[in-house]
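Q: Pasting a structure here, questions to come.
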């Protein structure tokens with residue numbers, strides 16, 4: 002299923018096609034595709050080139066690891082993410098290596114890396130769904146995440162599936178129209194709430 | 002000047018070409034290009050589709066506004082960002098609209114929107130440089146940013162310039178090779194620090 006963005010200005014096709022489905026067809030992802038996805042994340046920008054991102058990963062063929070990582074999502078996400086081909090939990094490092102000071106962009110930069118990964122996946126015809134709904138304490142304990150590092154999100158990557166495979170409530174969300182706020186609500190000049198005229 | 006990523010696996014060309022120069026040629030950016038950049042940001046993913054991003058923007062033709070926004074960067078960034086065509090300060094909303102609860106991804110999702118903007122800009126042959134170095138208190142005061150919202154980053158967008166236009170220390174950074182950590186340092190399976198084999 003495709004759900005292209007109703008873009009009002011011409012943006013790149015991969016941004017039009019990227020969306021966050023819940024219906025995945027449970028098939029493996031070739032290793033070379035996984036390498037390319039990780040490479041896309043790797044070349045994201047980051048504050049002082051810290052690259053604060055760390056990924057915990059599991060492919061569906063590796064059943065035990067996959068089940069362990071799936072179990073780190075909130076139950077509502079496990080329902081559909083179990084059909085993904087690749088699960089990723091993102092973890093950020095709170096401080097800079099070069100001076101041990103707090104990195105104010107450590108969570109922001111996870112977003113930069115994740116965005117590159119999901120756009121690259123879209124370009125390759127894959128489906129992705131990023132999740133805030135994770136179990137940080139379980140992740141910390143199970144994977145031994147050290148002090149100074151924080152789990153941030155999970156990302157499901159896989160093959161687009163049939164919306165009819167979803168439970169009713171999720172199928173409804175799957176078919177909902179996509180919407181975004183107009184620029185006047187969030188692009189300001191001069192002062193807060195003053196639209197910049199775009 | 003181009004500084005392509007030394008990617009070891011085939012990633013999209015716009016990700017290869019994206020980097021963060023400091024040398025900008027001070028020329029205006031057409032309005033339709035600005036609309037496309039904002040549209041790219043607009044269609045980013047976000048937790049519960051909150052779209053927590055708010056942008057304060059100024060173009061270089063609008064001299065007074067541009068000077069005011071430039072002045073919200075740390076001095077080291079003002080040196081070179083003054084030649085950008087468009088300056089953006091990103092601001093996030095800490096809570097969700099639908100339940101007033103904290104949005105754990107509010108800063109992360111600024112990264113998603115910013116990434117789409119800078120990749121779209123790269124595709125259009127523009128140069129971008131994201132900055133953590135901003136003056137949050139000055140931004141709050143000058144633009145009346147309300148309680149519950151936080152300035153996160155700034156983004157300079159413009160036309161690539163000549164590295165020789167930069168002061169010596171910045172020119173040196175401009176010409177440095179780009180580098181990224183190997184997967185073994187940050188892609189783990191099973192437990193923290195155990196490379197996943199990519």
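Protein chains in written order, with my numbering: chain B, 2 to 199; chain A, 2 to 199. C-beta atoms are modelled at their ideal positions from N, C-alpha and C, and glycine is treated no differently.
(1) Report yes or no: is there a C-beta of chain B within less than 8 Å of the C-beta of residue 139 of chain A?
(2) One question on the structure: do residue 86 of chain B and residue 30 of chain B come within less than 8 Å of each other, judged by their Cβ atoms?
(3) Taking the beta strand (DSSP E) that residue 37 of chain B belongs to, which residues open and close that run?
(4) Output yes if chain B places a C-beta closer than 8 Å to the C-beta of residue 175 of chain A; else output no.
(5) Using a Cβ cut-off of 9 Å, pull out every chain B residue sitting near residue 87 of chain A, in sequence order please.
(6) Can you tell me which of the three DSSP states residue 2 of chain A falls into?
(7) Output yes if chain B places a C-beta closer than 8 Å to the C-beta of residue 124 of chain A; else output no.
(8) Determine the extent of the beta strand (DSSP E) in which residue 156 of chain B is found, giving its start and end residues.
(9) Using the beta-carbon of each residue, which ones in chain B are nearer than 9 Å to residue 153 of chain A?
(10) So what does DSSP say about residue 132 of chain A, is it helix, strand or coil?
(11) Rounded to whole angstroms, what is the Cα-Cα separation between residue 155 of chain B and residue 56 of chain B?
(12) Per DSSP, residue 89 of chain B forms a beta bridge with which residues?
(13) In terms of residues, what are the limits of the alpha helix (DSSP H) holding residue 172 of chain B?
(14) In terms of DSSP beta bridges, what is residue 74 of chain A paired with?
(15) Who are the neighbours of residue 12 of chain B on chain A, taking C-beta pairs under 7 Å?
(16) Would you grab the beta carbon distance between residue 115 of chain A and residue 12 of chain B for me? Rounded to a whole angstrom, and I think it's under 8 Å.
(17) In chain B, which residues lie with their C-beta within 8 Å of the C-beta of residue 189 of chain A?
(18) Nearest by alpha-carbon distance to residue 65 of chain A: which of A/48, A/77, A/83 is it?
(19) Between residue 184 of chain A and the rest of its own chain, which residues show a CB-CB distance below 8 Å, the 5 nearest in sequence each way excluded?
(20) Which residue from A/17, A/105, A/36 puts its Cα closest to that of residue 137 of chain B?
(21) Answer with buried or exposed for residue 99 of chain B, where buried requires no fewer than 16 other C-beta atoms within 10 angstroms of its C-beta.
(22) In three-state terms, what does DSSP make of residue 164 of chain A?
(23) Can you find a CB in chain B that lies within less than 8 Å of the CB of residue 164 of chain A?
(24) Can residue 187 of chain B and residue 54 of chain A be called in contact, C-beta distance under 8 Å?
(25) Run through DSSP, which three-state label would residue 188 of chain A get?
(26) Give me the chain B residues within the contact set of residue 181 of chain A, using Cβ-Cβ distance strictly less than 7 Å, ordered along the chain.
(27) Taking C-beta pairs closer than 9 Å, name the residues in chain A that residue 148 of chain B reaches, listed in chain order.
(28) With contact counted as at least three CB pairs below 8 Å, one residue from each stretch, are the segment 170-184 of chain A and the segment 17-28 of chain A in contact?
(29) Using only the alpha-carbon positions, how far apart do residue 79 of chain B and residue 142 of chain B sit?
(30) Are residue 39 of chain A and residue 134 of chain A touching if we call contact CB-CB under 8 Å?
(31) From B/139, B/8, B/43, pick the residue whose C-alpha is nearest to that of residue 181 of chain A; which is it?
(32) Give the DSSP-derived three-state secondary structure of residue 49 of chain B in the structure shown.
(33) Please report whether the beta-carbon of residue 131 of chain B lies at a distance below 8 Å from any beta-carbon of chain A.
A: Taking the geometry as given:
(1) Contact with chain B is absent for residue 139 of chain A, since none of that chain's Cβ atoms lies less than 8 Å from the residue's Cβ.
(2) It is a contact, given that the beta carbons lie within the stated cut-off.
(3) For residue 37 of chain B, no beta strand (DSSP E) segment is defined; the enclosing uninterrupted segment is the alpha helix (DSSP H) at 32-43.
(4) Answer no: the Cβ-Cβ gap between residue 175 of chain A and chain B never drops below 8 Å.
(5) Around residue 87 of chain A, no beta-carbon contact reaches into chain B at under 9 Å, the shortest distance being about 11 Å.
(6) Coil, per DSSP.
(7) So yes, residue 124 of chain A belongs to the interface.
(8) In the DSSP assignment, residue 156 of chain B falls within the beta strand (DSSP E) that extends over 150-161.
(9) Here the neighbours are 105, 106, 109.
(10) Here DSSP, grouped into helix, strand and coil, assigns residue 132 of chain A to strand.
(11) The straight-line gap separating the alpha-carbon atoms of residue 155 of chain B and residue 56 of chain B is approximately 9 Å.
(12) For residue 89 of chain B, which the question treats as bridged, DSSP gives the partners B/58, B/156.
(13) Residue 172 of chain B -> alpha helix (DSSP H) spans 169-176.
(14) Within the DSSP secondary-structure output, residue 74 of chain A pairs in a beta bridge with A/135.
(15) Think of a sphere of 7 Å around the beta carbon of residue 12 of chain B: the chain A residues whose beta carbon falls inside it are 37, 40, 41, 44, 121, in chain order.
(16) The Cβ separation is near 14 Å, so there is no contact.
(17) Think of a sphere of 8 Å around the beta carbon of residue 189 of chain A: the chain B residues whose beta carbon falls inside it are 55, 56, 57, 58, 144, in chain order.
(18) Checked all of A/48, A/77, A/83; the closest Cα to residue 65 of chain A is A/83.
(19) For residue 184 of chain A, where only same-chain residues beyond five positions count, the Cβ hits under 8 Å are 196, 197, 199.
(20) Nearest of A/17, A/105, A/36 to residue 137 of chain B, Cα basis: A/105.
(21) In the assembly as shown, residue 99 of chain B is an exposed residue. Its beta-carbon has fewer than 16 other beta-carbons within 10 Å.
(22) Under the three-state reduction of DSSP output, residue 164 of chain A falls in the helix class.
(23) Residue-level contact check: residue 164 of chain A does not touch chain B, since none of the beta carbons of chain B fall below 8 Å from its beta carbon.
(24) In contact: residue 187 of chain B and residue 54 of chain A (Cβ atoms closer than 8 Å).
(25) Residue state, collapsed to three classes: strand.
(26) Counting only Cβ-Cβ distances below 7 Å, residue 181 of chain A has contacts in chain B at 43, 44, 52, in chain order.
(27) Those within 9 Å of residue 148 of chain B in chain A number zero; the least Cβ separation is about 11 Å.
(28) As far as the Cβ criterion goes, the segment 170-184 of chain A touches the segment 17-28 of chain A, which means the pair count is three or higher.
(29) Computed Cα separation, rounded: 19 Å.
(30) By the CB criterion at 8 Å, residue 39 of chain A and residue 134 of chain A fall outside the cutoff.
(31) Checking every option, the nearest Cα to that of residue 181 of chain A belongs to B/43.
(32) In the structure shown, residue 49 of chain B sits in a helix (DSSP, three-state: H, G or I).
(33) Yes, contact with chain A.
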